[in-house]
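Taken in order, these protein sequences are the chains called B and E.
Counting from 1, position 636 in the first sequence corresponds to residue 636 in the numbering used here; the numbering is continuous, with no gaps.
Counting from 1, position 154 in the second sequence corresponds to residue 838 in the numbering used here; the numbering is continuous, with no gaps.
Ideal Cβ placement from N, Cα and C applies to all residues, glycine included.
Since the model is a prediction, treat every value here as computed from it, not as a measurement.
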Amino acid sequence: MQALFMLVCTLAAWLHLACGLSLVATARCLKFINIIVCTAVELGYLLAQRPSLSSPIPPPSIPPLSLPTDVRKAISALSVEPNIMRSICCPKCLAKYDLDSLPQVCLRRETPRSKVCGEKLWTTRSTRGGPRTVPRRLYCTQDFESWLEYLLSRPGIEDLINKSYEHQPSHDIMHSIWDSPAWKSLGNYTTTPHNLTFSYYIDWFNPFTNKIAGKTASCGAIMMFCLNLPHELQRLPENTFFAGITPPPKEPTSTTITAITDPIIDQFEAMWHGRVIRTYRHPGGIRKRAAILPGIGDLLAIRKAMGFAAVRSHNFCSFCKLRYSEIGSLDYAKWQPRVGLEVLQAALEWKEATTKKTRKEIFDKHGVRWSSLNRLAYRDPVRHTVLGLMHNWIEGILQHHVRVRWGIGIVPPVDEDVDDNRPSSPMSDTTEYLDIDSEIINEEVQSIWEESQSHIDTPSHLRRLRSEAFIHINAESNDVEVDSDGDNDADFQPDDESDEDDGDENAWNATCVFTASQLSKIHACLSDTVIPGWIERPPTNLGAKSHGKLKADQWFTLFTIFLPLIIPEIWLVSSNKRHAALLENFYDLVTCTNIVCSYAITEASADAYRDHYIKYRRSLDQLFPNIPTRPNHHYAMHNPELMKFWGPLIKLSEFPYEQHNGRLQKIKTNSHLCAYNSFLLLSV
Amino acid sequence: MLRQICRRGRLMAFMCDSSSTAASTAVSSIANAIQTLIQNVLPPKSMDDSNSILPLEVYDEIRSILNVELPSMQFRHFKDFPHPDSAHVLPRQATSIQHIKIKGRDYSTFKQHQGNSSIGYYSSASGEIEISAGFIDTIWSQTLDGVAQTFLVVFRHQFLSSEDNQRSPYQGRNGFQVEIAYTNSSSVHQVVIRPNQVIGHMAYYERPPGTFGIRRGITILINSLHRNRE
Numbered sequence: 001m002q003a004l005f006m007l008v009c010t011l012a013a014w015l016h017l018a019c020g021l022s023l024v025a026t027a028r029c030l031k032f033i034n035i036i037v038c039t040a041v042e043l044g045y046l047l048a049q050r051p052s053l054s055s056p057i058p059p060p061s062i063p064p065l066s067l068p069t070d071v072r073k074a075i076s077a078l079s080v081e082p083n084i085m086r087s088i089c090c091p092k093c094l095a096k097y098d099l100d101s102l103p104q105v106c107l108r109r110e111t112p113r114s115k116v117c118g119e120k121l122w123t124t125r126s127t128r129g130g131p132r133t134v135p136r137r138l139y140c141t142q143d144f145e146s147w148l149e150y151l152l153s154r155p156g157i158e159d160l161i162n163k164s165y166e167h168q169p170s171h172d173i174m175h176s177i178w179d180s181p182a183w184k185s186l187g188n189y190t191t192t193p194h195n196l197t198f199s200y201y202i203d204w205f206n207p208f209t210n211k212i213a214g215k216t217a218s219c220g221a222i223m224m225f226c227l228n229l230p231h232e233l234q235r236l237p238e239n240t241f242f243a244g245i246t247p248p249p250k251e252p253t254s255t256t257i258t259a260i261t262d263p264i265i266d267q268f269e270a271m272w273h274g275r276v277i278r279t280y281r282h283p284g285g286i287r288k289r290a291a292i293l294p295g296i297g298d299l300l301a302i303r304k305a306m307g308f309a310a311v312r313s314h315n316f317c318s319f320c321k322l323r324y325s326e327i328g329s330l331d332y333a334k335w336q337p338r339v340g341l342e343v344l345q346a347a348l349e350w351k352e353a354t355t356k357k358t359r360k361e362i363f364d365k366h367g368v369r370w371s372s373l374n375r376l377a378y379r380d381p382v383r384h385t386v387l388g389l390m391h392n393w394i395e396g397i398l399q400h401h402v403r404v405r406w407g408i409g410i411v412p413p414v415d416e417d418v419d420d421n422r423p424s425s426p427m428s429d430t431t432e433y434l435d436i437d438s439e440i441i442n443e444e445v446q447s448i449w450e451e452s453q454s455h456i457d458t459p460s461h462l463r464r465l466r467s468e469a470f471i472h473i474n475a476e477s478n479d480v481e482v483d484s485d486g487d488n489d490a491d492f493q494p495d496d497e498s499d500e501d502d503g504d505e506n507a508w509n510a511t512c513v514f515t516a517s518q519l520s521k522i523h524a525c526l527s528d529t530v531i532p533g534w535i536e537r538p539p540t541n542l543g544a545k546s547h548g549k550l551k552a553d554q555w556f557t558l559f560t561i562f563l564p565l566i567i568p569e570i571w572l573v574s575s576n577k578r579h580a581a582l583l584e585n586f587y588d589l590v591t592c593t594n595i596v597c598s599y600a601i602t603e604a605s606a607d608a609y610r611d612h613y614i615k616y617r618r619s620l621d622q623l624f625p626n627i628p629t630r631p632n633h634h635y636a637m638h639n640p641e642l643m644k645f646w647g648p649l650i651k652l653s654e655f656p657y658e659q660h661n662g663r664l665q666k667i668k669t670n671s672h673l674c675a676y677n678s679f680l681l682l683s684v
Numbered sequence: 685m686l687r688q689i690c691r692r693g694r695l696m697a698f699m700c701d702s703s704s705t706a707a708s709t710a711v712s713s714i715a716n717a718i719q720t721l722i723q724n725v726l727p728p729k730s731m732d733d734s735n736s737i738l739p740l741e742v743y744d745e746i747r748s749i750l751n752v753e754l755p756s757m758q759f760r761h762f763k764d765f766p767h768p769d770s771a772h773v774l775p776r777q778a779t780s781i782q783h784i785k786i787k788g789r790d791y792s793t794f795k796q797h798q799g800n801s802s803i804g805y806y807s808s809a810s811g812e813i814e815i816s817a818g819f820i821d822t823i824w825s826q827t828l829d830g831v832a833q834t835f836l837v838v839f840r841h842q843f844l845s846s847e848d849n850q851r852s853p854y855q856g857r858n859g860f861q862v863e864i865a866y867t868n869s870s871s872v873h874q875v876v877i878r879p880n881q882v883i884g885h886m887a888y889y890e891r892p893p894g895t896f897g898i899r900r901g902i903t904i905l906i907n908s909l910h911r912n913r914e
């Protein structure tokens, strides 16, 4: 009966937690299950106890069945409750407070000589017991030690982790981070048994999903994968450490983010020295250490989290000291690399500065702010920051190439003999754009504008926003020059799935390089190519507004599977020299994509990537001279050194983390993001 | 939200760690009971089923593969009567299957799913290891000495002649990771391979005669889907 009880509990918990069934619907299911089980048991009992004619024995009464009727009881019976730590924080600056000593207004100062924040920390909420005064904002984090104990108490997990210590790294070809110099960059830490190494990922998502007319809000998820596990198991929800979710509705700014990440880093600072953890193989406990190695995220999130200047700052690169004004440079030998110690020193200076003015001066000079992760002394803030492959290459370079350089999504010329060397014409009213929704962008710009005005650390003029919000305010735009004083380091967060640096209005003046008949050939190829079942086919009407946004995976298959099947045929038949150059340009891009997304990396393949990428960039400048280089183009120049240091970048990509973000988005919150538990309501 | 996602992860772990929970014991016992019921109710599969008899040419290829892989066994041909005592005679019966999982991916016969049947594989037909491509025609499974052995019968593509290859825009552009074969080859060549020879799926696009100036119809195959996975 106990087994039956556990089975029903598991089913109820699965319906509610994994399938998203509401509490009421799950309770209804449980009622039905109760009836079905009781009837089945009764029938079976009667059949088993059926008296024979020879020895009539009356059947004894059926033992009472006790099955759960409420999913909360079922979850409680399964012991799947995590240890969540809740703290109170200021809604504006996110400073942490204790409930016992919570003042009326926030008393935090950004620097010792700044004004106090002054934000109200209390609000009144209606409850069943009447109005109650409660804290305005809560911040939740998960306790790392209890999570680690849960993970390591699972049978088989320690054996899987031990494989990372036993792994013999390959000398010539890297198949995973275990083969890479990055794995050795912490000395013998990573190869010492009982030491665990984690990735650190941060990104923001809209908890109301990305509905056009829906509410907009931003939540930040901080999650970590245990890199000692085999790659295919790292990403599973049961093996992922969800460290915390930033309090909605607005994401933290580059200066307030440390308040969010500090509690998490506190735990990892302690774990570097080790803690006794009970495990499946060591129920009495054994000393385990934990460290964070790669910092992963999209360009904006990772810059904010690691304390680097934003993509349009003059110190726009976290890997080298190239200035934004030199963004088109391909002479990588002349680029001066950033050094971790210098970055740490500058970040420390910034932290210890007593005025905002001094901080600004330090930031302008070095492009660095303080980050909580700098407290982990074993980390190198430069080398241990990964360029997100999904956002930089797939949603950055590839998407940009189709939309901006090729102009797919713009109504193509009908005439077959169109001159492809014609000058670019301004955007017309009849133009359709690939997965661009002006309403979404306008809403986002408005939201960000309001946010930036509520936090004084962003500029008060629209010029910065214009570059990202070209559709909304492009009539006002005149120039795209970069502000050399570093002011344009706004924490701008455009569409979270788009290429973040893709914001130059000139780009949208492009025309489509394909004629209508050529586009129909591409559509036929997209429709008729035979693919295995696990590949998702991109929209066969590529370029039409109706298909909406393409997922990163679709951009990727477009460039590695579908377009190479048809583009050579389209451009080969032409005697046009420009078509031959376009084909070569496309070939270099596909070659780079195949290398950078490969699951095996060698020195030679990384060098081949660099050769092809430089060729691609050069031909890009010749073919599309009016379209400026984007920060993503420069960052991708650093991929060879990243591949040589980390091994296959695809294994450190944002894909699995984004899937978790998707899961988080689907969790039903009844549109209430600021959850108050009864403990807090009762205790105030 | 954080609590829900953490609960979900722990629930999935609870469900996965089947061997240590009472619930899973119950699940296993119920599953066993259902299995027994199915076995009792459904008639056993007839070994005389035509699907269970290997075609002779496939049988011969399988036998030669096994005799190379397992030289200590030396399987005898079923026709080579009389068989000495304790001789290993390769049975002609085998189970025809439609789908197989290799390195986490589903592969099927051509009749079941054309996309899942198009593969690239390592071949050593010419003495050196080279990459070939083809469609999986049938998949056979045999249990030999208690070990399940799987064989894939593949219709191998005929790649372009060197003359036609010169006309291909893919010639010299290896970065595309494309192979080109004739679509309806007159000399269809059948080979038997093992699952560990499979490199990965190959997406393909058939083009009419005259494409790139090649007189025959061609099939353009993409050989990058494996992404160099281990």
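Can you tell me whether residue i is helix, strand or coil according to DSSP?
i         : result
MET685(E) : coil
ARG840(E) : strand
MET637(B) : helix
PRO225(B) : Per the sequence presented here, residue 225(B) reads as Phe, with Pro not at that position. Strand.
ARG281(B) : coil
GLN622(B) : helix
GLU476(B) : Legend: pLDDT at GLU476(B) = 34, less than 50; position of this residue unreliable, value from coordinates given subsequently. Correct three-state label for GLU476(B): helix.
TRP350(B) : helix
GLY44(B)  : helix
ALA95(B)  : coil
TRP183(B) : helix
ILE627(B) : coil
LEU160(B) : helix
LEU373(B) : helix
Less than 9 Å separating the beta-carbons of residue i and residue j?
i         : j         : result
THR246(B) : LEU94(B)  : yes
ASP790(E) : GLY533(B) : yes
HIS171(B) : TRP178(B) : no
PHE242(B) : ILE265(B) : no
ARG287(B) : ARG275(B) : yes
ALA640(B) : ARG618(B) : One detail in the question is off: residue 640(B) reads as Pro in this sequence, not Ala. For PRO640(B) and ARG618(B), no; Cβs fall outside 9 Å.
ILE823(E) : ILE784(E) : yes
ALA290(B) : ASN162(B) : no
VAL116(B) : ARG125(B) : no
ARG891(E) : ASP848(E) : no
May I ask you to list the residues that DSSP assigns as paired with residue i?
i         : result
ASN632(B) : ASN632(B) is not bridged to any residue.
GLU814(E) : SER807(E)
ASP203(B) : ALA221(B)
LYS668(B) : DSSP lists no partner for LYS668(B).
How far does the beta strand (DSSP E) with residue i in it reach, from first residue to last?
i         : result
ALA865(E) : 862-866
ASP790(E) : 789-792
MET85(B)  : 84-89
LYS785(E) : 783-786
VAL882(E) : 882-885
PHE241(B) : 240-245
VAL875(E) : 873-877
The alpha helix (DSSP H) spanning residue i covers which residue range?
i         : result
ILE749(E) : 740-753
CYS525(B) : 516-528
ILE570(B) : 563-572
Any heavy atom of the ligand HEM inside 8 Å of the beta-carbon of residue i?
i         : result
LYS785(E) : Here there are no bound small molecules, and the ligand HEM is not part of this structure.
**Asked** Touch check for the region 546-561 of chain B and the region 570-582 of chain B: three-plus C-beta pairs under 8 Å?
**Response** Because the criterion of three Cβ pairs below 8 Å is not met, the region 546-561 of chain B and the region 570-582 of chain B do not touch.
**Message:** Check whether the region 340-359 of chain B and the region 111-120 of chain B are in contact - that is, three or more C-beta pairs closer than 8 Å.
**Reply:** The way I'd put it, the region 340-359 of chain B does touch the region 111-120 of chain B; three or more beta-carbon pairs between them come closer than 8 Å.
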